[in-house]
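In the numbering used here, the protein residues as written are 2 to 418.
Data first, discussion second: the structure below is written as structure tokens.
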Amino acid sequence: MNLQLGTGATRAITYSVVAFLAFLALQASPKPATRPVHMLSAPVTVPTDQTDIDTVKYGETLARLLMRRGLSPSQTTSILKASPLDSRRIPAGMEVSLRGELDSVPHEIILHASPEKLYRLRRTLDGWVGESEDIPWSTDTLVAHGMVRTNLVHAFQTSDALPPDARAELAYAAADIFEYRVDMSRDLRVGDSIHVLFERLTHPTAGVRIGKILGATMRLSGTVTEAIRFDGLGHVEYFDQEGKSLRAAFLRAPLAFRRISSVFGMRKHPILGTFRRHAGTDYAAASGTPVRTVGNGVVIHAGWRGGYGNTVEIRHPNGFVTRYGHLRGFSSVARRGGHVSIGQTIGYVGTTGLSSGPHLHFEVLVNGQQRDPRVALKQKGGEPVPAAKRSDFEQVRLVLQTMFMQRPDVIALSTGQ
Numbered sequence: 002m003n004l005q006l007g008t009g010a011t012r013a014i015t016y017s018v019v020a021f022l023a024f025l026a027l028q029a030s031p032k033p034a035t036r037p038v039h040m041l042s043a044p045v046t047v048p049t050d051q052t053d054i055d056t057v058k059y060g061e062t063l064a065r066l067l068m069r070r071g072l073s074p075s076q077t078t079s080i081l082k083a084s085p086l087d088s089r090r091i092p093a094g095m096e097v098s099l100r101g102e103l104d105s106v107p108h109e110i111i112l113h114a115s116p117e118k119l120y121r122l123r124r125t126l127d128g129w130v131g132e133s134e135d136i137p138w139s140t141d142t143l144v145a146h147g148m149v150r151t152n153l154v155h156a157f158q159t160s161d162a163l164p165p166d167a168r169a170e171l172a173y174a175a176a177d178i179f180e181y182r183v184d185m186s187r188d189l190r191v192g193d194s195i196h197v198l199f200e201r202l203t204h205p206t207a208g209v210r211i212g213k214i215l216g217a218t219m220r221l222s223g224t225v226t227e228a229i230r231f232d233g234l235g236h237v238e239y240f241d242q243e244g245k246s247l248r249a250a251f252l253r254a255p256l257a258f259r260r261i262s263s264v265f266g267m268r269k270h271p272i273l274g275t276f277r278r279h280a281g282t283d284y285a286a287a288s289g290t291p292v293r294t295v296g297n298g299v300v301i302h303a304g305w306r307g308g309y310g311n312t313v314e315i316r317h318p319n320g321f322v323t324r325y326g327h328l329r330g331f332s333s334v335a336r337r338g339g340h341v342s343i344g345q346t347i348g349y350v351g352t353t354g355l356s357s358g359p360h361l362h363f364e365v366l367v368n369g370q371q372r373d374p375r376v377a378l379k380q381k382g383g384e385p386v387p388a389a390k391r392s393d394f395e396q397v398r399l400v401l402q403t404m405f406m407q408r409p410d411v412i413a414l415s416t417g418q
């Protein structure tokens, strides 16, 4: 029997056969092996830039420190050439900051030369370059009041605005201003007082320092002496309330604010054990303390003089001669015939000759006669402010008087940078 199919039926059968054969082919082809899937990513770079602080050891140079830190000799040489700081003058204990990635050549080195200055060295494509950088201090103005109980240093111990070392610094700075009028070791009495108008310098890492003293008032045995800082003459100088310079022909003491062990007059000699006139003043001080001449003059003796031991004698104008005994040694200017200037070091405290311990024996002779140094060196002032500058001086004094009229304790008067 012959069957005849229509065109649509024939096309449908054909499509079905083709689809079936394609399915069989897919089943017969090998399947790909199953592989685990991995998430790939580039490694993450974590910055390792850090600052490491080192310190120059005693006897160590900056070059040795840098090579100790792993830098090569050639790298060290390049750094030293770029530094504005003389590598031969670097003190022991100076901090050195090294910034850079771990285990690599630093890209910046900082030399902390002082609280006021640092030197910054940077590595560039063209090599190392260096520059200096000033560290600013904050400045304010204070008035400190001190009442004498024992000495000038202790008079400022109640100033809470200053740490102990700054209080001592302020006392010595004030003593330097008045040293032509007052022997701080002998002239002060219980109940004397001092007011000081000064600049206080503060730094977040370096503490507190004393800046300029703008003015001071000292009440000594009821007598008031002012010190006004005046720079209208082309240089800074201090004048009293009458416009006379506090500088004079003689300093009141041959040591800078030191304790005196005995005074002019009668005493028992510590070696001979007998009472005799002690024609001078003994200043107790540590062996090696610099001794200064109290005035300009010419050295007429520098050598051994009996019980005085090592002695320097200086002739000054107007018949004055000063004598400095028991010295441990002499300075280079203490030579017979040599000229010396006021305040210049002529020797060092010792215990040579008839001496029971380190001290300076100081005498003043006027026209060959021994005089009490306290009386002989007492002066009422130096040169006055020139007439052409007197008006400017009075204006400065008026401003300082206004500032001193504040409360007598330590107070902030002004602040600034």
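Here a beta-carbon is modelled for each residue, glycine too, at the ideal position from N, C-alpha and C.
Keep in mind that this is a model prediction, so the values were computed, not measured.
Which whole-angstrom value describes the C-beta separation of Val-350 and Thr-290, a residue pair presumed to lie in contact below a C-beta threshold of 8 angstroms?
-> 4 angstroms
Between the CA atoms of Gln-76 and Trp-305 - distance to the nearest angstrom = 58 angstroms
Throw me the rounded Cβ distance for the Gly-383 and Ala-249 pair, which I believe falls under 8 angstroms.
-> 5 angstroms
Rank Arg-182, Gly-310, Ala-377 and Pro-92 by C-alpha distance to the C-alpha of His-360 and give the top, closest one.
-> Gly-310
Secondary structure of Thr-203, DSSP reduced to three states | strand
Mind checking who Asn-311 pairs with in its DSSP beta bridge?
-> Trp-305 and Leu-328
Residue range of the unbroken beta strand (DSSP E) whose run includes Leu-112 | 109 to 115
If we count the other Cβ atoms within 10 Å of its Cβ and call it buried at 16 or more, is Leu-247 buried or exposed?
-> buried
What are the boundary residues of the alpha helix (DSSP H) that includes Ile-80?
-> 74 to 83
Pick from Ala-83, Arg-70, Val-149 and Gly-233 that is closest to Ala-389, judged by C-alpha positions = Gly-233
CB-CB length for Val-149 against Val-191, believed under 8 angstroms | 6 angstroms
Hey, is the stretch 199 to 209 in contact with the stretch 137 to 151, meaning 3+ C-beta pairs nearer than 8 angstroms?
-> yes
Below 8 angstroms, can you find three or more Cβ-Cβ pairs linking the stretch 55 to 70 to the stretch 83 to 98?
-> yes
Measuring CA to CA, which of Asp-373, Leu-189, Val-365 and Val-144 is closest to Gly-296?
-> Val-365
Just checking, does the stretch 393 to 401 make contact with the stretch 219 to 239 on the three C-beta pairs under 8 angstroms criterion?
-> yes
DSSP on Met-406, reduced to helix/strand/coil?
-> coil
Between the C-alpha atoms of Thr-226 and Thr-403, what's the straight-line distance to the nearest angstrom?
-> 17 angstroms
From the DSSP output, in three-state form, read off Lys-362 for me.
-> The sequence given here has His at residue 362, not Lys. Residue state, collapsed to three classes: strand.
Could you tell me which of Gly-131, Asp-127 and Leu-126 sits nearest to Leu-119, measuring between CA atoms?
-> Gly-131
Consult DSSP for Phe-321 and reduce its assignment to one of helix, strand or coil.
-> strand
Roughly how many angstroms separate the alpha carbons of Ala-254 and Thr-294, rounded to a whole number?
-> 9 angstroms
Proximity to Val-322 [Cα-Cα], best of Gly-358, Pro-374 and Thr-346 | Pro-374
How about Pro-165 and Val-209: are their beta carbons less than 8 angstroms apart?
-> no
Which class does Ala-228 belong to by DSSP, given the choice of helix, strand or coil?
-> strand
N- and C-terminal bounds of the alpha helix (DSSP H) containing Phe-157 | Run containing Phe-157: none; DSSP gives neither H nor E here.
Candidates Ala-303, Val-106 and Arg-324, of which the one nearest Val-334 by Cα | Ala-303
Would you mind working out which of Ala-169, Arg-187 and Thr-312 sits nearest Leu-378, comparing C-alpha positions?
-> Arg-187
Between the Cα of His-196 and the Cα atoms of Ile-211, Ile-214, Tyr-181 and Thr-218, which residue gives the shortest distance?
-> Thr-218
If we ignore side chains and look at the alpha-carbon of each, how far apart do Ala-287 and Gly-330 end up?
-> 13 angstroms
Quickly, what does DSSP pair Glu-132 with across the bridge? List them, please.
-> Arg-121
Could you tell me the distance, in whole angstroms, from the CA atom of Ala-174 to the CA atom of Asn-152?
-> 14 angstroms
Which word fits Leu-198, buried or exposed, when buried means at least 16 other C-beta atoms lie within 10 angstroms of its C-beta?
-> buried
Tell me which same chain residues have a C-beta within less than 7 angstroms of the C-beta of Val-237, skipping the five on either side of it?
-> Arg-230
Measuring CB to CB, does Ile-301 end up less than 8 angstroms from Val-341?
-> no
DSSP state of His-39, grouped into three classes?
-> Confidence at His-39 is low in this model, with a pLDDT of 43, below 50, so its placement is unreliable and the value that follows should be read with caution. Correct three-state label for His-39: coil.
Measure the C-alpha to C-alpha separation of His-362 and Gly-339 and round it to an integer number of angstroms.
-> 22 angstroms
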